[in-house]
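Residue numbers (the working numbering): 1 to 80. In what follows, a single structure is set out as C-alpha coordinates and then discussed.
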Amino acid sequence: MPMPVLRRPLTPRELEVLGLTAKGFTSKEIAKRLGISPRTADVHRTHVIRKLGSRNRVEAVRYALSVGILPPQQVGVRLL
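What follows is the structure, encoded as C-alpha coordinates:
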(Lines of atoms letter the chains of each structure in order from A; the text may use other names.)
(Lines give C-alpha, C1' and ligand atoms only; values in the text may rest on other atoms or scores of the structure.)
Protein backbone atom coordinates (compact mmCIF):
# COMPACT_ATOMS: atom_id res chain seq x y z
CA MET A 1 0.00 0.00 0.00
CA PRO A 2 1.54 3.38 -0.98
CA MET A 3 2.20 5.96 1.68
CA PRO A 4 -0.31 8.82 1.75
CA VAL A 5 0.88 12.18 0.56
CA LEU A 6 0.81 14.62 3.44
CA ARG A 7 1.16 18.32 2.79
CA ARG A 8 3.52 18.42 5.73
CA PRO A 9 5.16 15.07 6.46
CA LEU A 10 5.52 13.82 10.01
CA THR A 11 8.89 14.46 11.59
CA PRO A 12 10.88 11.58 13.06
CA ARG A 13 9.95 12.77 16.57
CA GLU A 14 6.26 12.97 15.65
CA LEU A 15 6.46 9.39 14.35
CA GLU A 16 8.03 8.31 17.66
CA VAL A 17 5.27 10.00 19.64
CA LEU A 18 2.61 8.51 17.37
CA GLY A 19 4.08 5.02 17.78
CA LEU A 20 4.21 5.32 21.56
CA THR A 21 0.68 6.73 21.59
CA ALA A 22 -0.45 3.71 19.59
CA LYS A 23 1.11 1.48 22.25
CA GLY A 24 -0.97 3.24 24.93
CA PHE A 25 1.69 5.37 26.57
CA THR A 26 0.57 8.56 28.35
CA SER A 27 2.16 11.94 27.69
CA LYS A 28 4.11 11.62 30.92
CA GLU A 29 5.41 8.16 29.95
CA ILE A 30 6.29 9.33 26.43
CA ALA A 31 8.11 12.33 27.86
CA LYS A 32 10.16 10.23 30.24
CA ARG A 33 11.03 7.72 27.52
CA LEU A 34 12.10 10.41 25.00
CA GLY A 35 13.70 12.83 27.45
CA ILE A 36 11.23 15.64 26.77
CA SER A 37 8.58 17.39 28.85
CA PRO A 38 5.00 16.08 28.93
CA ARG A 39 3.88 19.36 27.37
CA THR A 40 6.28 18.84 24.45
CA ALA A 41 4.91 15.32 23.99
CA ASP A 42 1.40 16.84 23.85
CA VAL A 43 2.53 19.39 21.27
CA HIS A 44 4.03 16.67 19.06
CA ARG A 45 0.80 14.65 19.36
CA THR A 46 -1.27 17.73 18.47
CA HIS A 47 0.87 18.27 15.36
CA VAL A 48 0.37 14.63 14.34
CA ILE A 49 -3.40 14.90 14.77
CA ARG A 50 -3.53 18.06 12.66
CA LYS A 51 -1.23 16.76 9.94
CA LEU A 52 -3.27 13.56 9.60
CA GLY A 53 -6.54 15.49 9.56
CA SER A 54 -7.82 13.61 12.60
CA ARG A 55 -10.07 14.73 15.43
CA ASN A 56 -8.26 12.94 18.25
CA ARG A 57 -5.40 10.58 19.06
CA VAL A 58 -7.43 7.41 18.52
CA GLU A 59 -8.49 8.52 15.06
CA ALA A 60 -4.89 9.49 14.24
CA VAL A 61 -3.56 6.08 15.29
CA ARG A 62 -6.29 4.21 13.39
CA TYR A 63 -5.62 6.25 10.26
CA ALA A 64 -1.84 5.83 10.56
CA LEU A 65 -2.24 2.06 10.87
CA SER A 66 -4.71 1.82 8.00
CA VAL A 67 -2.53 3.68 5.49
CA GLY A 68 0.82 2.27 6.55
CA ILE A 69 2.36 5.25 8.33
CA LEU A 70 2.64 2.95 11.35
CA PRO A 71 3.22 -0.70 10.55
CA PRO A 72 0.95 -2.90 12.73
CA GLN A 73 3.88 -5.05 13.85
CA GLN A 74 5.59 -1.92 15.24
CA VAL A 75 2.76 -1.34 17.68
CA GLY A 76 1.85 -4.97 18.28
CA VAL A 77 -1.65 -5.01 16.80
CA ARG A 78 -3.39 -7.15 14.22
CA LEU A 79 -5.69 -5.48 11.76
CA LEU A 80 -8.92 -7.30 11.01
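The beta-carbon is built from N, C-alpha and C at its ideal position, and this holds for glycine as well. Bear in mind that the values here come from a model prediction, so they are computed numbers and not experimental data.
Relative to the C-alpha of residue i, which residue among the options is closest?
i, options, result
"G68", "L15, R39, H44", "L15"
My assumption, with CB atoms under 8 Å, is that residue i sits in contact with residue j. Please give the rounded CB distance.
i, j, result
"R8", "K51", "5 Å"
"A64", "L20", "Between L20 and A64 the Cβ distance is about 12 Å, and since that is not below 8 Å, they are no contact."
"A31", "A41", "5 Å"
Would residue i and residue j qualify as a contact pair, given that the criterion is a beta-carbon distance under 8 Å?
i, j, result
"V43", "L10", "no"
"R45", "R57", "yes"
Identify, in the order they occur along the chain, each residue of the same chain with its Cβ nearer than 6 Å to the Cβ of residue i, setting aside the five sequence neighbours on each side.
i, result
"T26", "none"
Chain B beta carbons: is any one of them nearer than 8 Å to that of residue i?
i, result
"R39", "As a matter of chain content, chain B is missing from the structure shown, which is built from one protein chain."
Under 7 Å Cβ to Cβ from residue i, same chain only, skipping five residues before and after it: list those, please.
i, result
"Q74", "G19"
"S54", "A60, Y63"
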